[in-house]
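Count the sequence shown with my numbering and you get residues 11 to 190, in order. Here's the structure we're looking at; comments come further down.
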Amino acid sequence: MDVVYRLADKDIFERYYKGMCYFAYTLIGDYALAEDFAQDAFIAYFKKKDEISSHEPIIKSYLYSSVKNNILNWHRRNKVQKKYWETTGFMEYDDVDIHNAIIETEVMEQINQIINELPEACRLIFKLSYLEGKGNQEIANELNLSVNTIKTQKRRGLKYIQSKLNPELFLGLISFFFIK
Numbered sequence: 011m012d013v014v015y016r017l018a019d020k021d022i023f024e025r026y027y028k029g030m031c032y033f034a035y036t037l038i039g040d041y042a043l044a045e046d047f048a049q050d051a052f053i054a055y056f057k058k059k060d061e062i063s064s065h066e067p068i069i070k071s072y073l074y075s076s077v078k079n080n081i082l083n084w085h086r087r088n089k090v091q092k093k094y095w096e097t098t099g100f101m102e103y104d105d106v107d108i109h110n111a112i113i114e115t116e117v118m119e120q121i122n123q124i125i126n127e128l129p130e131a132c133r134l135i136f137k138l139s140y141l142e143g144k145g146n147q148e149i150a151n152e153l154n155l156s157v158n159t160i161k162t163q164k165r166r167g168l169k170y171i172q173s174k175l176n177p178e179l180f181l182g183l184i185s186f187f188f189i190k
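Written out as structure tokens, the structure is:
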């Protein structure tokens, strides 16, 4: 007899919620709305979970599709606000845009997970530098450390992330930062 393992609802939500929020945010640029679309995707999934395969890639794909389709449907329903969207540059997304947003989301999820694995001091310096955009001298002054220590910790953090990052996602990261 085969035993089918299904992650608990709470585990599914905790594992994918932030990623779905980020994905929605990359498509619409409004974090509050992005959270709404992510929550709607989970509600739809939980209502239909018995009809959906228990394999994680299928669940994740369902969530991505749900977020994407909800955003597209929402946009179509709100044609009254067309003038607003024209001024903000919103347009229908093609499959390439959707695929790029998914890749970006996957890369950012993996990077955040790896950053959280760094030793505390290295993680703090890495976040101050790369996520908050602070310079080496500014970080050194703030943490009362030498600039060389800051440079060394940043280098260690980058090397660790590169060693842990999935090679396919690393290429996505490079294209995200250097091709845009």
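Cβ coordinates follow ideal geometry from the N, Cα and C atoms, glycine included. Here the structure is a predicted model, which means the values were calculated and not measured.
For residue i, the first and last residue of its enclosing alpha helix (DSSP H)
| i | result |
| --- | --- |
| residue 29 | 19-38 |
| residue 69 | 66-87 |
| residue 191 | Because residue 191 is not part of the residues shown, which for the chain are 11 to 190, the question remains open. |
| residue 63 | Per DSSP, residue 63 belongs to no alpha helix (DSSP H) and is neither H nor E. |
| residue 173 | 157-174 |
Contact set for residue i: own chain, Cβ-Cβ below 7 Å, skip 5 residues either direction
| i | result |
| --- | --- |
| residue 72 | 55 and 62 |
| residue 74 | 33 and 112 |
| residue 128 | 136, 167 and 170 |
| residue 81 | 34, 37, 38 and 47 |
| residue 77 | 30, 33, 34, 47, 48 and 51 |
| residue 19 | 56 |
| residue 44 | 31, 34, 35 and 38 |
With 16 other Cβ atoms within 10 Å as the buried cut-off, status of residue i
| i | result |
| --- | --- |
| residue 53 | exposed |
| residue 141 | exposed |
| residue 114 | buried |
| residue 26 | buried |
| residue 188 | Confidence is the limiting factor: at residue 188 the pLDDT is only 46, short of 50, which leaves the residue's position unreliable, though a coordinate-based value still follows. Flag for residue 188 reads exposed. |
| residue 24 | exposed |
Cβ distance (whole Å) where residue i is taken to contact residue j below 8 Å
| i | j | result |
| --- | --- | --- |
| residue 163 | residue 131 | 6 Å |
| residue 124 | residue 69 | Not confirmed; about 23 Å, so no contact. |
| residue 144 | residue 153 | No, residue 144 and residue 153 are not in contact; Cβ-Cβ is about 10 Å, not under 8 Å. |
Cutoff 6 Å; reference residue i; Cβ partners in own chain excluding five residues on either side
| i | result |
| --- | --- |
| residue 28 | none |
| residue 159 | none |
| residue 41 | 35 |
| residue 108 | 78 |
Own chain partners of residue i with C-beta closer than 8 Å, once the 5 adjacent residues on each side are dropped
| i | result |
| --- | --- |
| residue 161 | 146 |
| residue 156 | 150 |
Check: residue i C-beta below 7 Å from any heavy atom of the ligand MG
| i | result |
| --- | --- |
| residue 32 | For the ligand MG, the structure offers nothing, since it holds no ligand at all. |
Fill in: alpha helix (DSSP H) runs contained entirely in the segment 101-135, provided each spans 4 or more residues
105-125
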